[in-house]
Amino acid sequence: MRSHRPYLVWLLGIGGLVTVVGVVWAFAAIEAAGRSAAGSGPMMTLPVGVYTQYTQRSIVPDYTGLWLALIVTVIGALVLLAGAVTAFVRRPRPA
762 MRSHRPYLVW
772 LLGIGGLVTV
782 VGVVWAFAAI
792 EAAGRSAAGS
802 GPMMTLPVGV
812 YTQYTQRSIV
822 PDYTGLWLAL
832 IVTVIGALVL
842 LAGAVTAFVR
852 RPRPA
């Protein structure tokens, strides 16, 4: 007998899609952070007497995108899990 709960399909579909988007986003963020760290060699120094605030620091990759991607992945997995649990829970049949 077919279930009449179309929201389950939406929960499973949206959860799966958000999870995949989060994982792809995480891979892209890791690659971008790796490229920025590898591409930043030693910074050129400025001549004596020139304002040198920016030459005193090394460039550190920004991992904000990675953290956001992990949050999106976890939210997608939770929605997917909620859809799966709801799909397998049996409703009481009317007598």
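Reading the sequence shown from the start, the letters are residues 762 to 856 in the numbering used here. We put the CB at the ideal spot given by N, CA and C, even for glycine.
In this structure, the beta-carbon distance from L772 to V840 falls below 8 Å. Rounded to whole angstroms, the separation of the alpha carbons of T847 and G837 is 15 Å. DSSP places V809 outside any alpha helix (DSSP H), giving it a letter other than H or E. Residue environment: V781 is assigned as exposed (fewer than 16 neighbouring CB atoms within 10 Å of its CB, all protein chains considered).
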